[in-house]
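Note sheet for the following structure.
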Amino acid sequence: MNEPLYPLLSLVRLRMGTDGSGVTTLVAGAGCPLCCRWCINARLLAEAPAEMVTAEALLKRVKIDDLYFRATGGGICFGGGESLLHTDFIRCFREIAPAEWRITVETSLAVPADNVLGAVDAVDVFIVDCKDMDPGIYHRYTGGDSSLMTENLRRLLQKAGPDRILVRVPLIPQYNTAEDQARSAELLRKMGVKRLDLFSYVVPD
Ligand code: SF4
């Protein structure tokens with residue numbers, strides 16, 4: 026099998042409080058199957074040419090913060106873009122990265138089930154941006170089909186367990202209401218989600 030490459034858009038070092046506990050480096054990658062109206066990375070995803078890197082090359086660049094990661098329980102967060110388009114790469118990176126580093130992915134789960142289940146052994150924490158649990162709102166906002174996300178979330182809850190999954194439930198200006206957000210949270214709790222983060226997207230005027 027050819028060595029998997031990662032389409033690197035940017036590295037953001039020394040993040041705190043956004044990707045879970047500890048100091049993290051965000052590794053942003055290209056590509057996303059959704060088309061969210063308020064995507065903060067839409068321009069980056071559309072315009073920036075990605076640099077293709079091997080797992081070894083990425084490790085060389087991020088290990089400058091090894092001491093911070095170990096001291097704070099932090100590590101690497103794969104985002105972008107859709108991190109789980111790159112499950113094979115993340116698995117390779119996990120094999121060569123220090124075991125103490127926490128690996129997090131930010132994902133919409135709008136990917137084939139194999140990409141999700143294949144990441145379970147390599148990823149410590151899954152941060153899932155569910156958008157909205159209502160299929161109509163989800164489709165209007167993302168252009169995608171919410172059943173793929175909900176089925177993948179069910180599978181992930183079964184295989185990884187709820188403690189490793191944080192589901193983010195946004196209030197999306199012009200697309201849903203606080204009642205919709207509360208309804209999504211309730212449905213997610215019924216599915217077995219224990220860790221929820223309700224928040225609001227901030228959109229340009
Ligand atoms: S899932 Fe995330 S990266 Fe993809 S279009 Fe939506 S906001 Fe942007």
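Here my numbering is used: the first residue of the sequence shown is 26, the next is one more, and so on. Note that the Cβ used here is the ideal one computed from N, Cα and C, for glycine as well. Keep in mind the model is a prediction, meaning the values are calculated, not measured.
What I want to know is whether the C-beta of residue i ends up closer than 7 angstroms to one or more non-hydrogen atoms of the ligand SF4.
i: D44; result: no
i: N140; result: no
i: L213; result: no
i: E72; result: no
In whole angstroms, what is the alpha-carbon distance linking residue i and residue j?
i: D222; j: F103; result: 19 angstroms
i: P160; j: D170; result: 7 angstroms
i: E120; j: D146; result: 10 angstroms
i: E76; j: V194; result: 31 angstroms
i: A122; j: E176; result: 30 angstroms
i: N66; j: T129; result: 19 angstroms
Secondary structure at residue i, three-state DSSP: helix, strand or coil?
i: S133; result: coil
i: A207; result: helix
i: M216; result: helix
i: E120; result: helix
i: Y93; result: helix
i: D154; result: strand
i: R38; result: strand
Quick one: what's got a C-beta closer than 7 angstroms to residue i's C-beta in the same chain, skipping five residues either side?
i: T79; result: E28, L30
i: G98; result: S46, G47, R127
i: T43; result: none
i: R180; result: A138, V141, L142
i: P198; result: Y226, V228
With 16 as the cutoff for other CB atoms within 10 Å, does residue i come out buried or exposed?
i: D230; result: exposed
i: A82; result: exposed
i: K184; result: exposed
i: A135; result: buried
Excluding sequence positions up to five away, which residues of its chain have a Cβ less than 6 angstroms from the Cβ of residue i?
i: L92; result: none
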